[in-house]
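Residue numbers (our numbering): 26 to 272. Beta carbons are placed, not taken as given, at the ideal position from N, Cα and C, and that holds for glycine.
As structure tokens, then:
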């Protein structure tokens, strides 16, 4: 059984073997109160900069917890596909699921977008809390799936603005039930590319037209209408099986 994994927001030097460090309060709580780890138990730490550190819990008490770093392991589990998921903002549970599965399936980045038929993104402090929550979902997904690089979740923006500002010449797909193209007829993209998946209400005609003008390829994925969070898992899994490391 592999050791439980925990993310450290502060970078940990690769030459830290033999050092004893105090775990941040939130990490100590998760490790010792939620996961019920005790002194002497092994765990893995990663800081998002690449690689991971094998460590052992040395102290657990009311003041917190400390670990001894055993060694640095230079291992990566990133997908060979550099995909940015452009996700129409959905209701809370669906959006959390979409972010979680996208990270597990290897996306390089996530951009939530505000669409006409999607859930609203609140302004001010409430919006900042929502974005911080999605970023924490991405961290937790990396802890679970073994990734050592946390994909960024960008500040949300309107889909039409993103399409207007998007770099010309960059490859990309937009999921649309009536599109003429399927994955079976698409060549493997060269370099980084975008995958745009609509919110629960789907894209509007205006959004799809702007996407076509913005050089995204409309993509049909089977004869059934999928929920947005289902589409994220299904399409990314298929891309990984066709062109990535899920085969």
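When burial is assigned at 16 or more other CB atoms within 10 Å of the CB, is residue i buried or exposed?
i, result
"residue 72", "buried"
"residue 109", "buried"
"residue 180", "exposed"
"residue 253", "buried"
"residue 239", "buried"
"residue 210", "exposed"
"residue 102", "exposed"
With a threshold of 6 Å on Cβ separation, who are the neighbours of residue i within its own chain once the five nearest residues in sequence on each side are excluded?
i, result
"residue 178", "135, 159, 160, 163"
"residue 220", "108, 110, 198"
"residue 245", "204, 207"
"residue 143", "113, 114, 224"
Who does residue i pair with in a DSSP beta bridge?
i, result
"residue 30", "69"
"residue 146", "The partner list for residue 146 (beta bridge, DSSP) is empty, contrary to what the question assumes."
"residue 46", "92"
"residue 98", "77"
"residue 220", "110, 198"
"residue 137", "112"
So for residue i, helix, strand or coil by DSSP?
i, result
"residue 161", "helix"
"residue 215", "coil"
"residue 116", "coil"
"residue 109", "strand"
"residue 132", "coil"
"residue 86", "strand"
"residue 24", "Nothing in the structure corresponds to residue 24, since the chain is present only between 26 and 272."
"residue 247", "coil"
Under 8 Å Cβ to Cβ from residue i, same chain only, skipping five residues before and after it: list those, please.
i, result
"residue 265", "104, 106, 130, 131, 271, 272"
"residue 89", "47, 48, 50, 53"
"residue 63", "57, 82, 85"
I want to check one thing, is the minimum distance from the CB of residue i to the heavy atoms of the ligand GTP below 7 Å?
i, result
"residue 179", "This structure does not include the ligand GTP; it has no bound ligands of any sort."
Please go through the same chain and pick out, in chain order, the residues whose beta-carbon is closer than 7 Å to the beta-carbon of residue i, but skip the five residues on each side of it.
i, result
"residue 251", "259"
Worksheet item: Along the chain, which unbroken stretches of the alpha helix (DSSP H) at least 4 residues long are found entirely within the stretch 159 to 212?
Response: 184 to 190
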